[in-house]
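Enquirer: Can you keep this structure in mind? I'll have questions shortly.
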Amino acid sequence: MVKQYDFLLQGEIYGVVSAKDSPPRGSGKTLSALALILQQADLLNYGLVFNFDINAQALYYYCYYMGYHNVCRHLKLSNIEVKPCTNASGKTDLSRFIQGRRKIFVLDEAGIFCSSRNWQNMPDNWQANLAMMRQFHIRLWWISQHYDHVDKLLRSQSNYIIECSSILAPSKRLGGASQMISKIYYTYTNKAYNYLFAKSDKISGINYQMHRMRFSKFRHISPLSLGDKMLFTVYKSFNKSIGDDPRLFNFPNTLRAVNYYQKKIMSTFKIIPILLYSILLKFTLKYFLF
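If you read the sequence shown in this note's numbering, its first letter stands for residue 1051, the second for the next number, and so on.
Structure representation (structure tokens):
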């Protein structure tokens, strides 16, 4: 797992965008991003800050199901937060949103909040701190429908770009509307994705798909799993007021105490009877049969 997802340990700023041929909605970018973010939070043992609504109970059940015990512990310690990325006057204020250490900040609709028009209002010192996130033990994930809608400064500082698409099929349960049945994402280094993005208007079809595969660092193609379906309940996909006044709602009354070493402790308890049996058998063979 570490070899496949080593980019989660190496970068500081990550961008998640929809692929060129993906539909306006249903590319799975938020689903794929959240799955990777929670995995990274568990690996690094970091807290989380979102700018959109989060269902705390659904988040706990998903992380417990996936074995992300560090995330469960941070939820219990109130180290998972939701914060607006705008100030009282309604203007974008990312310096207020990104505060603290040892945290992962998740910014949805970055094409709105980090566009060139809003980015010019940011303090110069915060822009300089983008290159120093490792020293602050901070990770930043931005999510946008289109890559070029995000300001050039943030794009240039990003270490990895995850390009998402999906396979949709009509659903009777949704009255004929499309339902995601498979998720696909390609992970690129910043340099590789800039080259691919510059080529995207000049090539198409199979040639474009071959370029996607050739320059990607990691590829993930899979049908929706039970974990993915659980993850759909953690966030609201079509919230019109993203970033305005997000809420951490439906917080469970009781949280089962879990920690990083729980799996190892339980595994040790399972091994103890086997070790005792082996010692007893060895003692019996040595002193009674020989």
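Glycine included, every Cβ here is placed at the ideal spot set by N, Cα and C.
For residue 1124, which residues of its own chain have a beta-carbon under 6 Å away from its beta-carbon, when the five flanking residues on both sides are left out?
Expert: Excluding sequence neighbours, residue 1124 sits near 1097 and 1130.
Enquirer: Identify which residue in 1101, 1085 and 1127 has its Cα closest to the Cα of residue 1113.
Expert: With distances taken between Cα atoms, residue 1113 lies closest to 1085.
Enquirer: What residue range is occupied by the uninterrupted alpha helix (DSSP H) comprising residue 1087?
Expert: It spans 1079-1094 - the alpha helix (DSSP H) in which residue 1087 sits, taken as one unbroken run.
Enquirer: Quick one: is residue 1101 buried, meaning 16 or more other Cβ sit within 10 Å of its Cβ, or exposed?
Expert: Classification of residue 1101: buried, given that the 10 Å Cβ count is 16 or more.
Enquirer: What does a CB cutoff of less than 6 Å around residue 1108 pick up in its chain, not counting 5 residues either side in sequence?
Expert: Only 1283 and 1284 meet the Cβ criterion.
Enquirer: Excluding the 5 residues preceding and the 5 following residue 1115 in the sequence, name in chain order all residues of the same chain whose CB lies nearer than 7 Å to its CB.
Expert: The residues are 1277 and 1280.
Enquirer: If we ignore side chains and look at the alpha-carbon of each, how far apart do residue 1204 and residue 1301 end up?
Expert: So the two alpha carbons sit approximately 33 Å from each other.
Enquirer: Is the separation between the beta-carbon of residue 1407 and that of residue 1076 shorter than 8 Å?
Expert: Outside the modelled stretch of the chain, which goes from 1051 to 1340, sits residue 1407, for which no answer is possible.
Enquirer: Find the nearest neighbour of residue 1273 within the set 1180, 1229, 1151 and 1105, judged by alpha-carbon distance.
Expert: It is 1229 whose Cα lies nearest to the Cα of residue 1273.
Enquirer: In the DSSP output, what is residue 1273 paired with across the bridge?
Expert: For residue 1273, which the question treats as bridged, DSSP gives the partners 1232.
Enquirer: Are the CB atoms of residue 1218 and residue 1231 nearer to each other than 8 Å?
Expert: For residue 1218 and residue 1231, yes; Cβs fall inside 8 Å.
Enquirer: Between 1212, 1235 and 1092, which lies nearest to residue 1153 when the distance is taken from Cα to Cα?
Expert: Residue 1153 has its Cα closest to that of 1092, out of 1212, 1235 and 1092.
Enquirer: Expressed to the nearest angstrom, what Euclidean distance is found between the alpha-carbon atoms of residue 1161 and residue 1150?
Expert: Going from the Cα of residue 1161 to the Cα of residue 1150 covers about 24 Å.
Enquirer: To the nearest angstrom, report how far apart residue 1250 and residue 1128 are at their CA atoms.
Expert: If you take the alpha carbons of residue 1250 and residue 1128, they lie about 43 Å apart.
Enquirer: Smallest Cα separation from residue 1208: which of 1199, 1223, 1220 and 1191?
Expert: Ranking 1199, 1223, 1220 and 1191 by Cα distance to residue 1208 puts 1191 first.
Enquirer: Grab me the residues of residue 1095's own chain with a C-beta within less than 6 Å of its C-beta, minus the 5 sequence neighbours each way, in chain order.
Expert: These residues qualify, in order along the chain: 1120.
Enquirer: May I ask which residues mark the beginning and end of the beta strand (DSSP E) holding residue 1153?
Expert: Note, residue 1153: beta strand (DSSP E), 1153-1157.
Enquirer: Could you round the C-beta distance between residue 1216 and residue 1067 to whole angstroms and report it? I think they count as a contact, below 8 Å.
Expert: That belief does not hold up - the Cβ atoms of residue 1216 and residue 1067 are roughly 13 Å apart, past 8 Å.
Enquirer: With burial defined as no fewer than 16 other Cβ atoms inside 10 Å of the residue's Cβ, what is the status of residue 1299: buried or exposed?
Expert: Exposed.
Enquirer: Run through DSSP, which three-state label would residue 1105 get?
Expert: Strand at residue 1105.
Enquirer: Just tell me which of 1271, 1220 and 1235 has its CA closest to the CA of residue 1212.
Expert: Among 1271, 1220 and 1235, the Cα nearest to that of residue 1212 belongs to 1235.
Enquirer: State buried or exposed for residue 1060, treating a residue as buried only when at least 16 other CB atoms are found within 10 Å of its CB.
Expert: With fewer than 16 Cβ atoms within 10 Å of its Cβ, residue 1060 is classed as exposed.
Enquirer: Per DSSP, what kind of secondary structure is residue 1200 in: helix, strand or coil?
Expert: Coil.
Enquirer: Give the DSSP bridge partners of residue 1189, in chain order.
Expert: Per DSSP, 1154.
Enquirer: Under a Cβ-count criterion, where at least 16 other Cβ atoms within 10 Å of its own Cβ denotes burial, should residue 1206 be classed as buried or exposed?
Expert: Its Cβ having fewer than 16 others within 10 Å, residue 1206 is exposed.
Enquirer: Using the C-alpha atoms, what's the distance from residue 1237 back to residue 1188?
Expert: Roughly 20 Å separates the two Cα atoms.
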